[in-house]
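Going down the list, the sequences are from chains A and B.
For my numbering, add 244 to where a residue sits in the first sequence, where the first one is 1.
For my numbering, add 236 to where a residue sits in the second sequence, where the first one is 1.
The structure appears right after this line, and notes come after that.
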Amino acid sequence: MEVREFRAGVQAWIDEVGESLVPAIEDQSVETQLNHQRRVQRLLFDAGWMRWGWPARIGGLGGPPILRAILGEELTSRALVHTTSWSMHEVLGPAVAEFGRPDLVEGIFPLLLRGEEFWCQGFSEPDAGSDLGSMRTTARPGSDCWVINGEKLWTSWAHHATRCVVLARTGGPGSRGVSAFLVDMDTPGVTASPLETMAGVDEFCSTSFVDVEVPSQRLLGELEGGWRVAQFILSCERGPIFWQRGAWLAHHLGLLLDFAGGGGASALGEAYQLLWAFRATSKRTQDRIAVTGDLPGPEASVDKIMVAAADQAVFDLARDLLRGDLETDDSARSQAWRREWAYSRAATIYGGTSEVQKDIVASRLLGLPRRA
Amino acid sequence: MATTLRGLVEDLDRSELNQALDEFGFADLLAEAPRDAVSALFTALGRTGSMSTSLQDVLLQPLAEYLPMATTECNVVLPGVGAAYVGAADSEPLAVRGLVIGARSAPTYLAPVVINGELSWIGLRESSGISTRRVSGLDPALALTEVTGVDVMPDVVVAGEQAVAAWDAVATAGRLALGYQILGAVGQMIDLAVDHARSRVQFGRPIGSFQAVRNRLADAHVAREGAAAALASAWDADDTVLAGLLAKSLAGRAARIAATQCQQVLAGIGFTAEHPFHRFLARALVLDSVLGSATELPAVIGARLISAGMIPRLVEL
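Right, dumping it as structure tokens:
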């Protein structure tokens, strides 16, 4: 499947299926958002579009992974799905496909693609955010299983998820003693407690693991190879997911065009140029991935810093141009803007803070010395 | 090719460089592979601080088909800082004011002006009553000439839709070339500051190990990368005028960020005449102000988006 042919096919399919893909604005709860996505994913799976860019052995139709970025772009640039929840299978899917036992992956991956399952990511902890290597959750050997104890934080959609990729310590301190597991969320001892964001959305959770028994074959990759899995997952956040976030931002910038007359042109131009700087840079990254097949390296930290800056610029612009709607209006439309604006505040935090990214740029791209 | 051009620009300046570029066949390369020619030469010019008359080659190339004279007879006058055109009037004669970067010895100055609301290209000669001044300004080493005239009788060379199309093409070509030159200077500013941050020791360690210093240089690097990607993508964009505006604006933005952050990192030594830093700062900031600065262009870009009523993707995966 050629890129151009795929894009044209997706666009034609969206035009044909039409209105039924558009989410209702009235109910903006996470549950409704995820149910909508399930429905869209099922339609896309049945039409085949959801399967391109994934290998045939796990339920895909093959083709280059860039096809998935194009699907994400065409959907999010029309706001047919929400970019945050649409990212989930792109963040976790490739790592589970790569590091999971083949029989496990073959069984569950089609469920993920069809929208029958949501997965979540158990990385951060109350005392391990940017310093992920200091995590305390442990996995100790049981009888033909691992027993996990600990607490994970900021696990998005954990309360709606069927499975969780959990990083837990199986060895000594630091990043080397960490292993990765795929844990079923209905295992006894797993409790996901939703936390409200500043936008009033119960999107993420505090997730506790008390004597959770995980079968041995649920280990992802090597024992104490969890850091590699984590790096792989973090690098997956850099390519197609940023690209579709860019498309989502372009969609919202488009909604603001009608409000930009009368003095808003310069601020609109500023936000657009930051978005364009990101898109042009991200395209380079994606082209490189497509050619070499490598994971994004430290250059992707530049992409992350840029997309976060564009994100906040777009929604700061919204707050200015909508003249008070964001602060004082309670219509469904303004609530949606409020929610997106609030979410943009986290753009410089999630997936590695901008400070951590700048540190990577300083050391690995500019060659500055770390503290002795 | 890029290596050869870089080598010439590193070793030579001004008339010697012009001669070497002639012998190298830069004009032919510009016609055959404009992207390679412009990116390699102007990045090198920005990196070294050398000057040539090559911007005139770049600006005149899209004009050539409309001109009644040979391009070798001409220089292009760009609008003065902050101006949209070299002159604007409701009637003749008109006042003109503009800048020529890297002027060659040629009798005719071609200038975009607006007369009665219509864009035209006019030809100016010494006999038209103009005066020329070699500009010293913030960057005395930039071969910059100011062309002014108070009561000029316009000799219209290109008019109508052709004049508009020619201006779009000339301005876009100029923005890309200047964008590369700016980024060359930005790269030099960053390298100088990074070298300093690695070697300068205070409080018993290299200052480049302090996060405040690291973040400044990372900011400069990120701004540079965004502008570089925008310049590279501009050649493939479906709206080249918009892509040129964006690339120039982002290059100017990178110039401002790098100038501020790198100078702060270089601290006292970067403020001296003896250290080379100030030359690149001046070059980048003066070029930022030509053909639309990073403070002026966002409004132009925003207005284009508003009138188009859409957010262009510009490039696809």
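Even glycine gets a Cβ: it sits at the ideal position worked out from N, Cα and C.
Computed from a predicted structure; not experimentally measured.
Verify whether the separation of the beta carbon atoms of residue i and residue j is less than 9 Å.
i: Gly396 (chain B); j: Leu467 (chain B); result: no
i: Ser452 (chain A); j: Lys396 (chain A); result: yes
i: Thr536 (chain A); j: Arg482 (chain A); result: no
i: Val274 (chain A); j: Asp430 (chain A); result: no
i: Gly306 (chain A); j: Trp293 (chain A); result: no
i: Leu612 (chain A); j: Leu453 (chain B); result: yes
i: Leu500 (chain A); j: Ala576 (chain A); result: no
i: Ala580 (chain A); j: Leu464 (chain A); result: no
i: Leu412 (chain B); j: Ala464 (chain B); result: no
i: Leu428 (chain B); j: Glu382 (chain B); result: no
i: Ala267 (chain B); j: Gln292 (chain B); result: no
i: Thr441 (chain A); j: Arg413 (chain A); result: no
i: Leu241 (chain B); j: Leu277 (chain B); result: yes
i: Ser607 (chain A); j: Val558 (chain A); result: no
i: Leu565 (chain A); j: Ser578 (chain A); result: no
i: Gln417 (chain B); j: Arg340 (chain B); result: no
i: Leu512 (chain A); j: Ile337 (chain B); result: no
i: Gly569 (chain B); j: Ala331 (chain B); result: Limits of chain B in this structure are 237 at one end and 553 at the other, which puts residue 569 (chain B) out of reach.
i: Leu419 (chain B); j: Leu478 (chain B); result: no
i: Gly433 (chain A); j: Ile392 (chain A); result: yes
i: His457 (chain B); j: Val456 (chain A); result: no
i: Gly444 (chain B); j: Val430 (chain B); result: yes
i: Ala459 (chain B); j: Leu481 (chain B); result: no
i: Met287 (chain B); j: Arg250 (chain B); result: yes
i: Ala313 (chain A); j: Trp492 (chain A); result: no
i: Ala436 (chain A); j: Ala474 (chain A); result: no
Taking the alpha carbon of residue i as the point to measure from, which residue in the options has its own alpha carbon closest?
i: Pro390 (chain B); options: B:Tyr345, B:Asp258, B:Leu248; result: B:Tyr345
i: Thr239 (chain B); options: B:Leu281, B:Phe439, B:Glu309; result: B:Leu281
i: Thr320 (chain A); options: A:Val434, A:Leu336, A:Leu265; result: A:Leu265
i: Ile672 (chain A); options: A:Val427, A:Ser437, A:Asp560, A:Phe503; result: The structure shown has nothing for residue 672 (chain A), since chain A only spans 245 to 616.
i: Val294 (chain B); options: B:Asn311, B:Thr284, B:Met305, B:Arg283; result: B:Asn311
i: Leu541 (chain B); options: A:Glu543, A:Ala504, A:Pro540; result: A:Ala504
i: Gly596 (chain A); options: A:Lys548, A:Arg582, A:Gly568; result: A:Lys548
i: Gly415 (chain A); options: A:Gly506, A:Glu466, A:Val247, A:Arg283; result: A:Glu466
i: Ala402 (chain A); options: A:Ser450, A:Gly386, A:Met245; result: A:Ser450
i: Gly359 (chain A); options: A:Arg295, A:Ser378, A:Asp347; result: A:Arg295
i: Val393 (chain B); options: B:Gln500, B:Ala487, B:Asp387, B:Val350; result: B:Val350
i: Phe425 (chain A); options: A:Phe448, A:Pro385, A:Ser374, A:Asp569; result: A:Pro385
i: Pro178 (chain B); options: A:His495, A:Val422, A:Pro267, A:Ile593; result: Here chain B comprises residues numbered 237 to 553, so residue 178 (chain B) is not present and cannot be evaluated.
Exposed or buried, residue i, counting other C-beta atoms within 10 Å across all chains shown (16 or more means buried)?
i: Ile302 (chain A); result: buried
i: Gln255 (chain A); result: exposed
i: Arg615 (chain A); result: exposed
i: Ile235 (chain A); result: Any property of residue 235 (chain A) remains undetermined from this structure, which presents chain A solely from 245 to 616.
i: Ile505 (chain B); result: exposed
i: Ala409 (chain B); result: buried
i: Thr308 (chain B); result: exposed
i: Gly353 (chain B); result: exposed
i: Ala399 (chain B); result: buried
i: Glu552 (chain B); result: exposed
i: Arg316 (chain A); result: In the sequence as presented, Arg is not what sits at residue 316 (chain A); that position holds Gly. Buried: at least 16 other Cβ atoms inside 10 Å.
Give the DSSP-derived three-state secondary structure of residue i in the structure shown.
i: Glu246 (chain B); result: helix
i: Phe367 (chain A); result: coil
i: Trp257 (chain A); result: helix
i: Gly415 (chain B); result: helix
i: Asn254 (chain B); result: helix
i: Tyr345 (chain B); result: strand
i: Arg614 (chain A); result: coil
i: Gln272 (chain A); result: coil
i: Val430 (chain B); result: helix
i: Gly385 (chain B); result: strand
i: Ile351 (chain B); result: strand
i: Phe362 (chain A); result: coil
i: Glu468 (chain A); result: coil
i: Arg462 (chain A); result: helix
i: Leu439 (chain A); result: strand
i: Leu527 (chain B); result: coil
Flag residue i as yes if its beta-carbon sits less than 9 Å from any beta-carbon of chain C, otherwise no.
i: Ala252 (chain A); result: Of the protein chains in this structure, namely A and B, none is chain C.
Return yes when at least one heavy atom of the ligand SAM lies under 8 Å from the C-beta of residue i, else no.
i: Ser607 (chain A); result: Ligands are entirely absent from the displayed structure, and the ligand SAM is therefore not among its contents.
Do the region 353-368 of chain B and the region 389-406 of chain B make contact, defined as three or more Cβ pairs closer than 8 Å? yes
Counting beta carbon pairs with one atom in the region 539-556 of chain A and one in the region 510-519 of chain A, are three or more of them shorter than 8 Å? yes
Looking at C-beta atoms only, is the number of pairs between the region 507-521 of chain B and the region 419-437 of chain B that lie closer than 8 Å three or more? yes
Pair every Cβ in the region 257-271 of chain A with every Cβ in the region 280-295 of chain A, then say whether three or more of these pairs are closer than 8 Å. yes
Touching or not, the region 366-378 of chain B and the region 518-538 of chain B, by the rule of three or more beta carbon pairs under 8 Å? yes
Taking three-plus beta-carbon pairs below 8 Å as touching, is the region 400-419 of chain A in contact with the region 363-372 of chain A? yes
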